[in-house]
Amino acid sequence: MFDPKDLQNLLGSVQDQLKEYDEKAKQKIITSKSGGGLIDVKFNGVGELVDINIDDELLSDKAALQILLISAINEGYKQIEEEKKDDLFEQVKNLNPFKFQ
1 MFDPKDLQNL LGSVQDQLKE YDEKAKQKII TSKSGGGLID VKFNGVGELV DINIDDELLS
61 DKAALQILLI SAINEGYKQI EEEKKDDLFE QVKNLNPFKF Q
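Going by UniProt numbering, the first residue of the sequence shown is number 1, and it counts up by one from there.
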């Protein structure tokens, strides 16, 4: 028989897992490069841009710099979304709300 306390415990557990996920995600670094490594951007797992490295040879070509920077940032965001999907799938897979064995 379903006990409402089980649902309350489940919700508390999910909240704890989400907090833990956020803490781990902030420590994770995702790197994206473009232009054969001329631009290197780094994000943490929650999607915050934490570092940008630009090769000096791009500094004199504004148009190329803009294109490659946009490309690297967009690719980084795609990688973050994939990581989030994978992590969410793992979290959901580990849930057992009704104590089924």
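By construction, the Cβ of each residue, glycine as well, lies at the ideal position given by its N, Cα and C atoms. Since the model is a prediction, treat every value here as computed from it, not as a measurement.
For residue 25, which residues in the same chain have their Cβ closer than 6 Å to its Cβ, ignoring the five residues on either side in sequence? As a position in the sequence shown, residue 25 is number 25, starting the count at 1. Closer than 6 Å at the Cβ level, and outside the excluded window around residue 25, lie 45 and 46.
Indicate the three-state DSSP secondary structure (helix, strand or coil) for residue 46 in the structure shown. Numbered from its first residue, the sequence shown carries residue 46 at position 46. In this structure, residue 46 counts as coil in the three-state DSSP scheme.
Taking the alpha carbon of residue 64 as the point to measure from, which residue in 29, 36, 93 and 23 has its own alpha carbon closest? Numbered from its first residue, the sequence shown carries residue 64 at position 64. Comparing Cα-Cα distances from residue 64 to each of 29, 36, 93 and 23, the minimum goes to 36.
Any idea what DSSP makes of residue 24, helix, strand or coil? On the sequence shown, residue 24 is found 24 positions in, with the first residue counted as 1. Helix, per DSSP.
Mapping the DSSP letters down to three states, classify residue 51 as helix, strand or coil. As a position in the sequence shown, residue 51 is number 51, starting the count at 1. Of the three classes helix, strand and coil, the one that applies to residue 51 here is strand, per DSSP.
Buried or exposed for residue 43, please, with buried defined as at least 16 other CB atoms from any protein chain shown within 10 angstroms of its CB. Residue mapping note: residue 43 aligns to position 43 of the sequence shown, counting from 1. Buried is the call here.
Return the first residue and the last residue of the alpha helix (DSSP H) that residue 32 is part of. Counting from 1 along the sequence shown, the entry for residue 32 is found at position 32. Taken as a continuous stretch (DSSP letters only), residue 32 belongs to no alpha helix (DSSP H), being part of the beta strand (DSSP E) at 29-34.
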